[in-house]
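S.K.:
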Amino acid sequence: MKSQITRKSLLELSREYPIDTGIDEWRFRCREVGPSQYSAEGEDTLGRKVGCSGVDFRETLNNCIQQAKSLVK
0 MKSQITRKSL
10 LELSREYPID
20 TGIDEWRFRC
30 REVGPSQYSA
40 EGEDTLGRKV
50 GCSGVDFRET
60 LNNCIQQAKS
70 LVK
């Protein structure tokens, strides 16, 4: 039996993932988890998730965004 995927609303996602990069249905967050250590995560309304870590805030977030873009393609 197939299970049905329940879409999350963008408002619901935005509470946990506040960064909107313009990719349809995706939201992101990037946090400092240690001294100069960052963790970026993203999720879409279907529940698909991406994530990465690094030492530069922008680079870490951009890598995470690129992962999401590759999933969208």
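Residue 0 is where the sequence shown starts when you use numbering that gives the first Met the number 0, and the numbers rise one by one after that. Just so it is clear, CB atoms sit at the ideal spot from N, CA and C, and this is done for glycine as well.
1) Helix, strand or coil for S69, going by three-state DSSP, please let me know.
2) Going by alpha carbons, who is nearest to E15 out of N61, Q36, G41 and C63?
3) Nearest CA to the CA of C51: which residue from I64, D43 and L45?
4) R28 to K1, Cα distance in whole Å?
5) At which residue ranges does the stretch 20-56 contain complete beta strand (DSSP E) runs of 3 or more residues, listed in the order of the chain?
M.R.: Based on what the coordinates show:
1) helix
2) G41
3) I64
4) 31 Å
5) 25-33, 36-43 and 48-53
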